[in-house]
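> To start, I am sharing the structure in question, which I have written as structure tokens.
In the working numbering, the protein residues as written are 241 to 412.
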């Protein structure tokens with residue numbers, strides 16, 4: 241006799257991916273978006289996640305109920321910047337939010353070291369930083385988007401002559 245238990249798959253959780261280093265310091269979806277004052281950041285899109293120093297990255301944010309005088313501020317930080325309170329951003333751009341979609345082209349610094357980076361998005365209304373909350377009312381502190389990776393000055397390709405070989409040994 242063979243018995244089988246069929247377990248339906250768990251429903252997929254969708255929504256934009258965020259991290260908040262105070263409340264939830266791991267990448268997770270927020271299906272209803274994130275509130276910034278009276279506005280809600282409901283979605284975002286990055287043009288790509290693998291970049292080189294000097295490349296341009298396009299960030300498109302989608303908003304609901306944003307006031308007419310709102311400005312979107314985007315800062316680029318190393319992924320460990322939250323461990324060092326006085327860390328300055330590698331990039332800082334602030335633009336007016338006109339309508340429900342904000343498209344920002346971010347030019348990465350040419351001297352940006354390889355590594356993982358995060359974009360911190362904030363909304364300013366009347367010149368003031370709008371308070372961050374989940375749509376359930378939980379206070380957020382340092383909200384960032386999914387990480388991007390910056391690699392060396394050029395991507396590795398299969399073209400050209402090999403510059404060397406290496407062997408990696410692993411023992412357990």
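Positions of the beta carbon are idealized from the N, C-alpha and C atoms, including for glycine.
Please confirm if the stretch 316–327 is in contact with the stretch 352–359, defined as three or more CB-CB distances below 8 Å between the two stretches.
Yes: at least three Cβ pairs fall under 8 Å.
> In angstroms, rounded to a whole number, what distance separates the CA positions of residue 387 and residue 344?
Cα-Cα distance, rounded: 17 Å.
> What does DSSP give as the partner residues of residue 304 in its beta bridges?
DSSP output for residue 304 lists 280 as bridge partner(s).
> How would you call residue 380, buried or exposed, if buried means at least 16 neighbouring beta carbons within 10 angstroms?
The residue in question, residue 380, is buried, as its Cβ has 16 or more Cβ neighbours within 10 Å.
> What is the residue span of the beta strand (DSSP E) that residue 323 lies within?
Taken as a continuous stretch (DSSP letters only), residue 323 belongs to no beta strand (DSSP E), as it is neither H nor E.
> For the 8 Å Cβ check, are there 3 or more pairs between the stretch 363–377 and the stretch 270–279?
Touching, yes, given that three or more Cβ pairs across the two stretches are closer than 8 Å.
> Round the Cβ separation of residue 308 and residue 340 to the nearest angstrom and send it over; I've been treating them as touching at under 8 Å.
That belief does not hold up - the Cβ atoms of residue 308 and residue 340 are roughly 12 Å apart, past 8 Å.
> Between the Cα of residue 291 and the Cα atoms of 353, 336 and 377, which residue gives the shortest distance?
The candidate whose alpha carbon is nearest that of residue 291 is 353.
> From residue 342 to residue 259, what distance separates their C-alpha atoms?
Computed Cα separation, rounded: 20 Å.
> So residue 388 is in the beta strand (DSSP E); what residue range does that whole segment cover?
Where residue 388 is concerned, the enclosing beta strand (DSSP E) stretches over 388–390.
> Take the Cβ of residue 322 as the centre, count every other Cβ of all protein chains shown within 10 Å, and call the residue buried at 16 or more, exposed below.
Its Cβ being crowded by 16 or more others within 10 Å, residue 322 is buried.
> Find out if the Cβ-Cβ distance for the pair residue 331, residue 346 is shorter than 9 Å.
Going by C-beta atoms, residue 331 is nearer than 9 Å to residue 346.
> In three-state terms, what does DSSP make of residue 289?
Here residue 289 sits in coil by DSSP.
> Under a CB-based cut-off of 9 Å, is residue 309 close to chain D?
Considering every chain present, this structure includes no chain D. It has just one protein chain.
> Considering residue 359, what are the terminal residues of the beta strand (DSSP E) in which it resides?
Where residue 359 is concerned, the enclosing beta strand (DSSP E) stretches over 355–365.
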